[in-house]
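Quick note: to get our numbering, add 38 to the position in the sequence shown (first position is 1). Structure record follows, encoded as structure tokens.
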Amino acid sequence: MCTQYGEIIAFQRKKLNLSLQDLGNVVGYTAQAISRFEKGIVQIDMRLWGDLCKALDISVRSFLVGDINALAPWESGEATFNEKRFCESIRYSRDRLLLSKKDLATKLSINPQKISKWEKGASLPSIKEFIDLANLFEYDYEDFYFSKAKEEDKDLDMPVPALKGGKRLGKGGIIALSVLSGLLVSSFAFNVYQSLTIDGSDAFSSSKDDISIDPIQEEYFTVTYHYRETGEAKEKQVRKGGLVPYLDYSLRGHYLVGYEDSKGVKWNFASHSVLEDVDLYGIFKKETYQITFKEAIGGVTLKQETVEYLSSATPPSLIPKAGYNYEWVGQYKNVTQNATIYPKWGLNIVTLKIELNEGESFKNSSSKEWVFDKYSADSFPLLPEVQKEGYLQDGYTYKGQPFTKETVLEDNMVLHASWIKNEFHYRFNHSSLEKENRVASYGEVINSLPTPIEEGKEFDYWSIDRKKIELPWTYSYKEDVLLEPNWKGIKFHYDIDRYGKLTINSITDIVGDTVTIPAEIDGTPISLIKKGALSDSSQVKVLNILGDGMEIEDGAFDRLTSLEEIHFPNITEKTVFHKYIFNGCRAIKRIETGRPSLYQGDYDRSLASLRDFGIIGNQNSPLEVKISNNAEHNLISFFFGSIYIGKIEFGDKQIEISANNLNLQTENLKELVFSANLNAIYYFDAKNLDMDDFVLQNLSSSLSVIYSSFGGRIGNFNVIAEKLSLNNVRFLNVKNLVLNNTKGINFLDNVHIEAENIYLPSDGFSFSENIDGPVFYAPTEKGINVHFFGTDQLPSKLENRNWIDTTCPVNYIFHPSF
Numbered sequence: 039m040c041t042q043y044g045e046i047i048a049f050q051r052k053k054l055n056l057s058l059q060d061l062g063n064v065v066g067y068t069a070q071a072i073s074r075f076e077k078g079i080v081q082i083d084m085r086l087w088g089d090l091c092k093a094l095d096i097s098v099r100s101f102l103v104g105d106i107n108a109l110a111p112w113e114s115g116e117a118t119f120n121e122k123r124f125c126e127s128i129r130y131s132r133d134r135l136l137l138s139k140k141d142l143a144t145k146l147s148i149n150p151q152k153i154s155k156w157e158k159g160a161s162l163p164s165i166k167e168f169i170d171l172a173n174l175f176e177y178d179y180e181d182f183y184f185s186k187a188k189e190e191d192k193d194l195d196m197p198v199p200a201l202k203g204g205k206r207l208g209k210g211g212i213i214a215l216s217v218l219s220g221l222l223v224s225s226f227a228f229n230v231y232q233s234l235t236i237d238g239s240d241a242f243s244s245s246k247d248d249i250s251i252d253p254i255q256e257e258y259f260t261v262t263y264h265y266r267e268t269g270e271a272k273e274k275q276v277r278k279g280g281l282v283p284y285l286d287y288s289l290r291g292h293y294l295v296g297y298e299d300s301k302g303v304k305w306n307f308a309s310h311s312v313l314e315d316v317d318l319y320g321i322f323k324k325e326t327y328q329i330t331f332k333e334a335i336g337g338v339t340l341k342q343e344t345v346e347y348l349s350s351a352t353p354p355s356l357i358p359k360a361g362y363n364y365e366w367v368g369q370y371k372n373v374t375q376n377a378t379i380y381p382k383w384g385l386n387i388v389t390l391k392i393e394l395n396e397g398e399s400f401k402n403s404s405s406k407e408w409v410f411d412k413y414s415a416d417s418f419p420l421l422p423e424v425q426k427e428g429y430l431q432d433g434y435t436y437k438g439q440p441f442t443k444e445t446v447l448e449d450n451m452v453l454h455a456s457w458i459k460n461e462f463h464y465r466f467n468h469s470s471l472e473k474e475n476r477v478a479s480y481g482e483v484i485n486s487l488p489t490p491i492e493e494g495k496e497f498d499y500w501s502i503d504r505k506k507i508e509l510p511w512t513y514s515y516k517e518d519v520l521l522e523p524n525w526k527g528i529k530f531h532y533d534i535d536r537y538g539k540l541t542i543n544s545i546t547d548i549v550g551d552t553v554t555i556p557a558e559i560d561g562t563p564i565s566l567i568k569k570g571a572l573s574d575s576s577q578v579k580v581l582n583i584l585g586d587g588m589e590i591e592d593g594a595f596d597r598l599t600s601l602e603e604i605h606f607p608n609i610t611e612k613t614v615f616h617k618y619i620f621n622g623c624r625a626i627k628r629i630e631t632g633r634p635s636l637y638q639g640d641y642d643r644s645l646a647s648l649r650d651f652g653i654i655g656n657q658n659s660p661l662e663v664k665i666s667n668n669a670e671h672n673l674i675s676f677f678f679g680s681i682y683i684g685k686i687e688f689g690d691k692q693i694e695i696s697a698n699n700l701n702l703q704t705e706n707l708k709e710l711v712f713s714a715n716l717n718a719i720y721y722f723d724a725k726n727l728d729m730d731d732f733v734l735q736n737l738s739s740s741l742s743v744i745y746s747s748f749g750g751r752i753g754n755f756n757v758i759a760e761k762l763s764l765n766n767v768r769f770l771n772v773k774n775l776v777l778n779n780t781k782g783i784n785f786l787d788n789v790h791i792e793a794e795n796i797y798l799p800s801d802g803f804s805f806s807e808n809i810d811g812p813v814f815y816a817p818t819e820k821g822i823n824v825h826f827f828g829t830d831q832l833p834s835k836l837e838n839r840n841w842i843d844t845t846c847p848v849n850y851i852f853h854p855s856f
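Pasting the structure below:
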């Protein structure tokens, strides 16, 4: 019933174009309180009924009737609710019917103490209790609420609300009662003193006529409420001329919108009076539910459809995946609740046949055809080899197109072998051998290759796609190839001082596009790389530094215009980077690093900044950064600064992250992955994030998030851990908060989480005594979707706890099979 009246408030408020705050300002309540009234979360205080109805321009009478389709305008002028007079009217009306408090309580099916509290003004009836009282006393709802008779009948000590149908005793009635009262008193006096005179004689003995008063006889009619859907009927007795009480009725999957008479005319409970027996028939509408189809759990919504009770939604069609078929999993047929539906993919099984043409045969088989009764994409490696003299098989074709593992499967497919001539050319990419053009067949063994000649260089080996060719060489290509010459090694020019410190002064004779600087040369660790050691090269694309501790001067790598990748995963705080060690290297796209220190004048081991090293990134191609933590330190210390980073990934050691050693003032950061056994993240303040993925992991033990805040825009926030502890944590504006990969969540103190979609496990929740309110909130008025995995019902530890804010819609979605 609470919901029924809330719907009326919401309907009329929206009809008048009032916001929650607008209505709240008029009646003196907050917008949040109005929202709770509308959703039926809390009862509407009786003192507020009049103010609400006046603000919404509906009569109290039609509001209490509860029929949203029969609302009448406000008609009570400046009338206000008088609590004292109303409570007096209850006592007066009870006395009028000669009912004790216990009698009245029995008729209303409530505790007698409630009657006492009402009459003393200690509490007020609910809407249902008020309606039951008015019906029992046969009072008009509006007059009973405003105690209007109290204003008109000032001669009475008690208020006399009007009878249903507008009937009141009025002045004449009151006078009649007064006369009747006088007659009764006179009658009593006459009978007592009839035998007494001044002298003691029986002067009145001849006048002994009795006075009797017949009670007023009232006529009642029967109102029968019929419910066609169930065949049930209920009856109520209503005084002639009175109003029919509105009777609520529950029917699964439906809601009652009103009643109609036997002629199909809608019954107006606010105005239609009863003059004969009445048959009313309930009018129901089906509930509607939201069915959402998603491409995957936490994925993109493909379609949303509003469906009536026991009707079916129409799922969207997905783009076929080669070798697979799918079915939609979840209740989207004969729906009875809101649901999110996901596709379940499985291997497509078909019948497939391979037919031979002239001159062909299956290897190690005399059969003329090959049949797979149950072929799937996983069977592709099992396709037989077909032979043909002078040719090499180049796969299969189906309907004239190459057949691959990704080909969409159809039943009864017929394949044929595809062929290429077994004759290939290999050439040499050097001017001294430009006329060399040799022929080989697939599988042929080649024992010798020519040597290129170039002044000042010593030839080392031939390579194909940077892979060295070892002689004898088996030709394993089904195409023509080009061989590249490789000259004997890169040269490191260095010196060693008397203390054994090895300094690289320059790097020359670079082969290919990759330069690898080893940890040591001839058994001596590299201590220093000088300024300009590797410079002015458009050849180098990849730079590897294998040592774990060295000093690198500013400009050591200067104007390497094609340098795209830097790998120094082993370095520790023993490695000292000067500022701008990468000078003019604007093409860098990917960095893999450990934990260096930054040199500024004296050895200042402050946090290393990529920008200080000369690494800025490009807005159109943001950096990918991987931090490889080392075993000597438990903390990650790295400062990214204001640069263009698209992805940050951390290594696989146990680490802790705090605001003191990780700063994310970056642009374009879309993915942050702690791919490590992360013990704790604390004092981490990242309020302006703009990223698609944020991942925290600890696969072996617990993960604690302490005094931290995450805000801005986060697409997917995924926590993977045995146990998750949250203490003074805020998650703001998260689209998908994925916590179902944990085996338990401990809410310790001051936790505030705002997310559109929350994915939770089936059990393992614990709350400290400091948590006494919601921890999950909806970021917008659209509400929040809460997914539970491995269960079909709300976990027991959440049933009686105020754990989620319900001022906005909350949609529970259960995934018992996961």
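Think of the CB as a built atom: it goes at the ideal place given N, C-alpha and C, for glycine as much as any other residue.
Burial state of residue 357 is exposed, judged by a 10 Å Cβ sphere holding fewer than 16 other Cβ atoms. With fewer than 16 other CB atoms across the displayed protein chains lying within 10 angstroms of its CB, residue 313 is exposed. Contact between the segment 446 to 455 and the segment 470 to 489 is absent: fewer than three C-beta pairs spanning the two stretches fall below 8 Å.
In this model, residue 570 and residue 547 are separated by some 15 Å (Cα to Cα).
Closest in C-alpha terms to residue 418, from the list 445, 398, 407 and 400, comes 445. If you draw a straight line from the Cα of residue 337 to the Cα of residue 741, it comes to about 25 Å. Contact between residue 567 and residue 590 holds, since their C-beta atoms are separated by about 5 Å, short of 8 Å.
Contact between residue 557 and residue 584 holds, with the beta-carbon distance rounding to 5 Å and staying under 8 Å. Contact check for residue 82 and residue 165: beta-carbon distance about 7 Å, within the 8 Å limit, so the pair qualifies.
Within the segment 268 to 335, the complete beta strand (DSSP E) runs of at least 3 residues fall at 270 to 277, 292 to 299, 316 to 324 and 326 to 332. By the C-beta criterion, the segment 424 to 441 is judged not to be in contact with the segment 487 to 504, since fewer than 3 inter-stretch pairs fall below 8 Å.
Judged by DSSP in its simplified three-state form, residue 767 adopts strand.
One thing to note: residue 470 has its Cβ no nearer than 8 Å to the Cβ of residue 502.
Excluding five sequence positions before and after residue 110, the CB atoms of its chain that fall closer than 8 Å to its own CB belong to 96, 97, 99, 100, 308 and 309, given in chain order. Under DSSP, residue 506 takes part in a beta bridge, and its partners are 501. For residue 366, the uninterrupted beta strand (DSSP E) run begins and ends at 362 to 367, by DSSP. Annotation: residue 792 is outside any alpha helix (DSSP H); the continuous beta strand (DSSP E) that includes it extends over 783 to 798. Look at residue 173 here: in three-state DSSP terms it is helix. Comparing alpha carbon positions, the residue from 261, 434 and 278 closest to residue 271 is 261. Annotated as proximal: residue 424 and residue 400, with beta-carbon spacing under 8 Å. Spanning the alpha carbons of residue 754 and residue 47 requires a straight line of approximately 37 Å. Shown here, residue 407 sits in a strand according to DSSP, grouped into three states. 760 is the residue among 760, 474, 793 and 120 whose C-alpha sits nearest the C-alpha of residue 782. Taking C-alpha positions only, residue 826 is separated from residue 794 by approximately 14 Å. In this structure, DSSP gives residue 383 an extended state, which the three-state scheme calls strand. Closest in C-alpha terms to residue 789, from the list 777, 767 and 774, comes 767.
The segment 134 to 149 and the segment 112 to 125 do not touch, with fewer than 3 CB-CB distances between them shorter than 8 Å. For residue 131, DSSP assigns no beta-bridge partner whatsoever.
Excluding residues up to 5 positions away in sequence, 370, 371, 372 and 373 lie with their Cβ nearer than 8 Å to the Cβ of residue 350 in the same chain. Inter-residue distance for residue 402 and residue 420 is about 14 Å (C-alpha atoms, whole angstroms).
Annotation for residue 84: the continuous alpha helix (DSSP H) segment containing it runs 84 to 94. By the beta-carbon neighbour count (other beta carbons within 10 angstroms, threshold 16), residue 176 is buried. Looking at the DSSP output, residue 750 sits in a beta bridge with 727. Judged by beta-carbon spacing, residue 776 lies within the 8 Å limit of residue 757, meaning their Cβ atoms are closer than that value. Taking 8 Å as the cut-off, the Cβ atoms of residue 286 and residue 42 count as close.
Cα atoms of residue 564 and residue 770: separation of roughly 48 Å, rounded to the nearest angstrom.
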